[in-house]
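Structure, as structure tokens:
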Ligand SMILES: Nc1nc2c(c(=O)[nH]1)N[C@H]1C(S)=C(S)[C@@H](COP(=O)(O)O)O[C@H]1N2
Ligand SMILES: [Mo]
């Protein structure tokens, strides 16, 4: 080319010089990248641990990253995205039982059970199972997923959480950021972000496979929240409350992700 001649003429490199040059570049890159990785690891290892509270003690930068991921997913999450449903014929006849924390006390009497709904710090509703069964019933067949690695198509029936909110005039409470649910004996508890609680497939369930819920599955009333892993689907709800702070969460205290979304 004509104008190429205007450039300063560079001497041709010999093959050996080219090899030396490439060696130099790759070794430098190796040490720079390796050094950065080591530095990054030391930085993380020396980073302060968060104070265990609502979530277990993790290195603060890791928790920051988790919280960022949660925010990302919360932003793209939309209540108009339903989880996949299945025909009833696909539902398991023998439903797995997993976890009995907070529901293993012998003295529990389902006949005397009542649901406590904290409308405010000093203002509680007491509801019976009949009250809840008087509301429209919603059925749902979906793939239930446990963090332990199993999943199963299951068929549930109950009251949609949004129907429950509307019927009991809890719209103001539903403007808070979180819902907390606790077993009657206080031993198992979950915290849910409000958009997930208000997802159209979140149920307060009292039926499984068209039959009254069995005690080991959370009778008289349990949560079914298909947009979350099973750890959040609390069995045997005693109390429901609303808050702008994250409610205590049993598995988050043990180090599991608070959001636990799918
Ligand atoms: N009260 C209570 N609810 C609970 C649990 C528990 O141990 N106690 N385990 C959770 C977990 S880890 C899962 S996978 C599901 C299992 O529900 P299932 O026993 O009806 O299959 O319940 C969730 N709800
Ligand atoms: Mo689970």
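Numbering (the numbering used here), first residue to last: 509 to 770.
Built from N, CA and C at the ideal position, the CB exists for glycine as well.
Per DSSP, cross-strand counterpart(s) of residue i
{"i": "residue 624", "result": "634, 747"}
{"i": "residue 732", "result": "711"}
{"i": "residue 668", "result": "711"}
{"i": "residue 772", "result": "No answer is possible for residue 772: it lies beyond the span of the chain, which begins at 509 and ends at 770."}
{"i": "residue 719", "result": "716"}
{"i": "residue 698", "result": "689"}
{"i": "residue 614", "result": "In the DSSP output, where bridge partners are listed per residue, residue 614 has none listed."}
{"i": "residue 557", "result": "567"}
{"i": "residue 769", "result": "736"}
Burial state of residue i, where buried means 16 or more other Cβ atoms lie within 10 Å
{"i": "residue 589", "result": "exposed"}
{"i": "residue 509", "result": "Only weak support is given to the placement of residue 509: the predicted model assigns it a pLDDT of 46, under 50, and the question is left unresolved by the model."}
{"i": "residue 631", "result": "exposed"}
{"i": "residue 760", "result": "buried"}
{"i": "residue 744", "result": "buried"}
{"i": "residue 512", "result": "Confidence in residue 512 is poor, its pLDDT being 49 and thus under 50, which makes the residue's placement too unreliable to answer from."}
{"i": "residue 690", "result": "buried"}
{"i": "residue 762", "result": "exposed"}
{"i": "residue 727", "result": "buried"}
{"i": "residue 667", "result": "buried"}
{"i": "residue 518", "result": "exposed"}
{"i": "residue 534", "result": "exposed"}
{"i": "residue 733", "result": "buried"}
{"i": "residue 713", "result": "buried"}
{"i": "residue 521", "result": "exposed"}
{"i": "residue 705", "result": "buried"}
{"i": "residue 730", "result": "buried"}
{"i": "residue 547", "result": "exposed"}
{"i": "residue 669", "result": "buried"}
{"i": "residue 755", "result": "buried"}
{"i": "residue 750", "result": "buried"}
{"i": "residue 722", "result": "exposed"}
{"i": "residue 650", "result": "buried"}
{"i": "residue 833", "result": "No information on residue 833 is available, as it lies outside the stretch 509 to 770 that the chain covers here."}
Residue i - containing alpha helix (DSSP H), residue span
{"i": "residue 548", "result": "523 to 554"}
{"i": "residue 574", "result": "568 to 584"}
{"i": "residue 686", "result": "No alpha helix (DSSP H) holds residue 686; the beta strand (DSSP E) holding it covers 686 to 690."}
{"i": "residue 758", "result": "758 to 761"}
Residue i beta carbon near ligand 2 (any heavy atom closer than 6 Å)
{"i": "residue 738", "result": "yes"}
{"i": "residue 606", "result": "yes"}
Cβ-heavy atom distance, residue i to ligand 1, below 6 Å
{"i": "residue 686", "result": "no"}
{"i": "residue 743", "result": "yes"}
{"i": "residue 725", "result": "yes"}
{"i": "residue 611", "result": "yes"}
{"i": "residue 691", "result": "yes"}
{"i": "residue 696", "result": "yes"}
Closer than 6 Å: residue i CB and nearest ligand 4 heavy atom
{"i": "residue 617", "result": "Annotation note on ligand 4: not contained in the displayed structure, which lists ligand 1 and ligand 2 as its ligands."}
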